[in-house]
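Engineer:
Residue numbers (this note's numbering): -14 to 80.
1. Once the 5 residues before and after residue 73 are set aside, which same chain residues still bring their CB inside 8 Å of it?
2. Which runs of the alpha helix (DSSP H), 4 residues or longer, sit entirely within the region 38 to 77?
3. Do residue 20 and residue 69 have their C-beta atoms closer together than 9 Å?
4. Within its chain, find whatever has a CB closer than 7 Å to the CB of residue 44; leave out the 5 residues flanking it on each side and keep chain order.
5. Taking the C-alpha atoms as reference points, what is the distance between residue 46 and residue 61?
6. Using beta-carbon positions only, say whether residue 49 and residue -2 come within less than 9 Å of one another.
7. Between the alpha carbons of residue 14 and residue 71, how many angstroms are there, rounded?
8. Looking only at its own chain, which residues have a Cβ that is under 8 Å from the Cβ of residue 59, when we skip the five neighbours before and after it?
Right, here's the structure in full:
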C-alpha cells in the first residue's frame, strides 16, 4: 500500500507573469496556462473579501483552477517579477 503522504512527482513550469494572485505559466505540454494560488477555495467569504481588497486575488478568482500540487514553479527572473508564493496563507491576508 502506498503512503498517501509520499511526495508527488513535480513537473517544472516556468513563470510568465504574476498579477493579483493569478499565476501565468508555461505548462509541461508547452501551453500557456493561468491558475489561482493554492488554498483560495478553503477560506471563508470574509477572508476572501479581505484578500480581494488587498489585491491578493482577483474578484473573479473562481474562474481559475488552483495551482496544481504536481507543478513546481520556476521563476527565472526573481529580480524582475519578485518572489511568487503559490499558496495563499493567513499571514498574507492578515498582514
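All residues carry an ideal CB built from backbone N, CA and C; glycine is no exception.
Structural biologist: Quick answer:
1. Once the five neighbours on either side are set aside, the close Cβ partners of residue 73 are 6, 22, 23, 24, 25, 28, 36, 41 and 42.
2. With a minimum length of 4 residues, the continuous alpha helix (DSSP H) runs that stay inside the region 38 to 77 are 63 to 66.
3. Contact: no.
4. Counting only Cβ-Cβ distances below 7 Å, and skipping sequence neighbours, we find 37.
5. Linking residue 46 to residue 61 through their CA atoms gives a straight-line distance of about 25 Å.
6. Contact flag unset, no.
7. Inter-residue distance for residue 14 and residue 71 is about 20 Å (C-alpha atoms, whole angstroms).
8. In chain order, -3, -2, -1 and 0 place their CB closer than 8 Å to the CB of residue 59, counting only its own chain and leaving out the 5 sequence neighbours on each side.
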